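>
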């Protein structure tokens, strides 16, 4: 029955939609990742060097958000590599993913600016964690939807996807635990978000391959 | 007579113009939708949690503007899918559409920041509604112009466009009524803008298809 | 002798360079035109409506800058339509054009914020005019360079370019006169910039064609 | 052994990855270079003209950062021109390059705003220099990695790359010396960064060719 929709005349324009989907998404990812810099600041301190050093939580939040958006973008390129066409619902789910990506600079700013007051830290670290979780979950939903609606080319559906699905559970689990931990110890939570960000971006298998190739 | 212009040697470069039209438009849509985050803020309150919860009108305005720009972008991708070439006037009409899109973050900020004073709410909600209306009207004019000047490929002109034209009247009507209501009850107007935004973005037919496919 | 360089193996990658030249330029144009919105603001006034109405110089500066960047983008699409390849110097001249385009939001902000003090108005309107002039002059230099270095496809070099060259002198002349006038009467100068912006964007011939086609 | 990976089925989607790599990178470069304008400002002074003239360090920092990002973008276009495919590690190294590019507006703002206090000047000029150095080093690493992993098309690997490698040592050396000088005389360091920026952007060979072609 679903194959009926595949013959829809609207599909003629699909190739174009995919290219604009990519261009618009690249735009939002690139802008969100670059806007993070606007919220960096150094507070007045005894000396300028101390001011910069004391601003470490701001730099940490910057790096975590940069890594998370970077990882989401990397995942998104993998996703559109597999994609042969996009349907209206896919475009909307993608918009929801971008809503979370574009929103991230806000909790980043709150977390970065709040590390003096434990109550602020708790509330803002929770908001931050929920946004990071939202990015991951909508990335996963997009993948699941594309798979179920057969928007992917068959060549890609096997190994690559398998592996991606294997990482979603530990990552989502890590975020949920960190959000809960953050209700008590928000700085620990931000540390965990940093570790997850690094885990998502560093291609351990590739690094391993590179290091041991010549032995 | 119009066909004379179709043989214009300038048309050789049209394919390129269309791709830059898309790239530039995608850029403006993506930037405007991402810049919205810069105006998010939490005012000092008794507790940080209350501060976040009391900021709901700011988040609501953010979501409404995000949905409206998202819907305008979706409509624009449909439009360029149908487009076979662009002429100088089309490029300018598109610039006017982008003027309203790029302007939207300003009334969004005013509405979001004004929800304490009924006079401010009235004036800013009206500005907001007029901008939303402008986006929709120029999107419609672009469509009409492309149709009249035969810039669309014939394959697309039938069903898809018919359906789009059927929605323009209720949407414009909804905006006009909400703007008038907003002169008295600005918060109600913002609620209506939110409903229209959801209506424009949610693909009810697709959702229906998805839910009832397996029954 | 120049033809030797044309056989340069580097030229193999030229097609790609042109596409990135377009993407990067579209990005800068789109961002500069959208960033203008960040400097819009309404000063406190007796009533919110008065505040909005008294902010007319801010809106005027916004529209003039939007039109000028829009016109520069339109000119740039024409230019890359004609382009068959880009050489290193062309890429750098283009960077200089983008320097002026990316700079424009700054004098726009100064002009918009200064309309209470005649000295400020004079200085800032001059800076504004010089930036507008710089955009036009570097757009022209880019065109001239591409023509002299035979970067254009022959099909386009004739009529289109001729016409563009005919407008450069009156436009540059208009800017120079307005800059001089602005030393005495800065508001008049901003008015002239607005008129030039409209002149650059409105395609009078196309409008004429459209209006008189059916008579 | 490395050739085994070349047959990886993942490579089917490589063309697309490269195009999104370029689009995303162009986005970040374009946004970072345009965001610089947001930090321009004129401090209150006796007269508006003096205010503008006294703001010269701000304009200088703006131009240096614009040139540096421009040069990094030019280098990046050369790099992707040579590229036939991208692998996961290349994508991540590119993200690190973009991290430094996107970060640059922050030390630019610090340097531009600090030129009254020698301690601030020292600390911020050092941060600025380290960021400029980071951009160059990661650009170089990207090049080296692509070369070693044979991501480049063979046609390009010879002359062009040779020449680029010849400039990396003096440029990195220049930055290191300027950073050390900046610990004592930060303004001199910023002057050197400006000279390096001009050196990186101005295509002396091309200018020479142009000037002496007709003799």
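Protein chains in written order, with the numbering used here: chain U, 1 to 215; chain A, 1001 to 1215; chain V, 2001 to 2215; chain B, 3001 to 3215. Ideal Cβ positions, reconstructed from N, Cα and C, are used throughout, including at glycine. The structure displayed is predicted, hence computed values, not measured ones.
How far does the alpha helix (DSSP H) with residue 1084(A) in it reach, from first residue to last?
No alpha helix (DSSP H) holds residue 1084(A); DSSP gives it neither H nor E.
> Could you tell me whether the Cβ atoms of residue 1196(A) and residue 1175(A) are closer together than 8 Å?
Contact: yes.
> For residue 3192(B), collect the residues of the same chain with a Cβ closer than 6 Å to its Cβ; drop the 5 residues on either side in sequence, then sort them by chain order.
Here the set comprises 3178.
> Quick check: what's the CA-CA separation for residue 209(U) versus residue 3140(B)?
When rounded, the distance between both Cα atoms is 22 Å.
> Apart from the five residues on each side of it in sequence, which residues of its chain come closer than 7 Å, Cβ to Cβ, to residue 3052(B)?
The answer, listed in chain order, is 3042.
> Which whole-angstrom value is the C-beta distance of residue 3142(B) and residue 3200(B), which I expect to be below 8 Å?
Contact doesn't hold; Cβ gap of about 16 Å is too wide.
> Excluding the 5 residues preceding and the 5 following residue 2084(V) in the sequence, name in chain order all residues of the same chain whose CB lies nearer than 7 Å to its CB.
Once the five neighbours on either side are set aside, the close Cβ partners of residue 2084(V) are 2151, 2152, 2153.
> Could you tell me which residues DSSP pairs with residue 2152(V) in its beta bridges?
According to DSSP, residue 2152(V) bridges with 2083(V).
> Considering Cα atoms alone, identify which of 2149(V), 2110(V), 2148(V), 2019(V) is closest to residue 2065(V).
The residue with the shortest Cα to Cα distance from residue 2065(V) is 2110(V).
> Could you check how far apart the C-beta atoms of residue 2950(B) and residue 3135(B) are, in whole angstroms? I think they sit under 8 Å.
Since the displayed chain B opens at 3001 and closes at 3215, residue 2950(B) lies outside it and no answer follows.
> Could you list which residues in chain A have their beta carbon closer than 7 Å to that of residue 120(U), in chain order?
Result: 1048.
> According to DSSP, is residue 3040(B) part of a helix, a strand, or is it coil?
DSSP places residue 3040(B) in coil when its eight states are reduced to three.
> Measure the C-alpha to C-alpha separation of residue 2038(V) and residue 1106(A) and round it to an integer number of angstroms.
Between residue 2038(V) and residue 1106(A), the C-alpha separation is close to 7 Å.
> Drop a sphere of 10 angstroms on the beta-carbon of residue 70(U), count the other beta-carbons inside from all chains shown, and report buried for 16 or more, exposed for fewer.
Buried: at least 16 other Cβ atoms inside 10 Å.
> Would you check if the stretch 1016–1035 of chain A and the stretch 28–38 of chain U touch, i.e. whether three or more CB-CB distances between them fall below 8 Å?
Touching, per the Cβ criterion.
> Using a Cβ-Cβ distance cut-off of 8 Å, determine whether residue 203(U) contacts chain B.
It does; some Cβ of chain B falls within 8 Å.
> List in chain order: all unbroken alpha helix (DSSP H) runs of 4+ residues lying wholly within the stretch 3059–3135 of chain B.
Those alpha helix (DSSP H) runs which fall completely within the stretch 3059–3135 of chain B and span 4+ residues are 3088–3103, 3105–3113.
> Thinking residue 1172(A) and residue 1125(A) are a contact (beta carbons under 8 Å), I'd like their distance in whole angstroms, please.
Wrong, their Cβ atoms sit about 18 Å apart, outside the cutoff.
> Using a beta-carbon distance below 8 Å, is residue 1007(A) in contact with chain U?
Residue placement at residue 1007(A) cannot be trusted, given a pLDDT of 37 that sits under 50; what the coordinates show is reported in the next sentence. No, no contact with chain U.
> Beta-carbon separation of residue 2022(V) and residue 1020(A) under 8 Å?
In contact: residue 2022(V) and residue 1020(A) (Cβ atoms closer than 8 Å).
> Would residue 3048(B) and residue 206(U) qualify as a contact pair, given that the criterion is a beta-carbon distance under 8 Å?
Their beta carbons are not under 8 Å apart, which means residue 3048(B) does not touch residue 206(U) by this criterion.
> Once you ignore the five residues that flank residue 1096(A) on each side, which residues in its own chain have a CB closer than 6 Å to its CB?
Taken in chain order, the residues that qualify are 1138.
> Note down, in chain order, each residue of its chain lying with its Cβ closer than 7 Å to the Cβ of residue 1025(A), except the 5 sequence neighbours on either side.
The answer, listed in chain order, is 1076, 1094, 1098.
> Specify, as a first and last residue, the run of the alpha helix (DSSP H) that residue 3048(B) falls within.
Unbroken alpha helix (DSSP H) run through residue 3048(B): 3048–3054.
> To the nearest angstrom, report how far apart residue 3108(B) and residue 3183(B) are at their CA atoms.
Each residue's alpha carbon lies about 17 Å from the other.
> Verify whether the separation of the beta carbon atoms of residue 1122(A) and residue 1203(A) is less than 8 Å.
Not closer than 8 Å, so no.
> Could you compute how far the alpha carbon of residue 1034(A) sits from the alpha carbon of residue 212(U)?
So the two alpha carbons sit approximately 42 Å from each other.
> Which value, in whole angstroms, describes the spacing of the CA atoms of residue 3170(B) and residue 67(U)?
Whole-angstrom Cα-Cα distance: 32 Å.
> Excluding the five sequence neighbours on either side, which residues of its own chain have a C-beta within less than 6 Å of the C-beta of residue 1120(A), listed in chain order?
Here the set comprises 1114.
> Only counting the same chain, and skipping five residues up and downstream in sequence, which positions put a Cβ closer than 6 Å to that of residue 55(U)?
Only 42 meet the Cβ criterion.
> Given a threshold of 16 other Cβ atoms within 10 Å of its Cβ, counted over all protein chains shown, does residue 2050(V) qualify as buried or as exposed?
Classification for residue 2050(V): exposed.
> Going by DSSP in three states, residue 3146(B) sits in which element: helix, strand or coil?
DSSP places residue 3146(B) in helix when its eight states are reduced to three.
> In chain order, what residues of the same chain lie with their CB nearer than 7 Å to the CB of residue 132(U), ignoring the 5 residues before and after it?
68, 175, 193, listed in sequence order.
> Expressed to the nearest angstrom, what Euclidean distance is found between the alpha-carbon atoms of residue 2103(V) and residue 2061(V)?
About 14 Å.
> Would you decide whether residue 2116(V) is buried or exposed? Buried here means 16 or more other CB atoms lie within 10 Å of its CB.
Exposed, by the Cβ-count rule.
> How many angstroms separate the CA atom of residue 3147(B) from the CA atom of residue 3074(B)?
About 18 Å.
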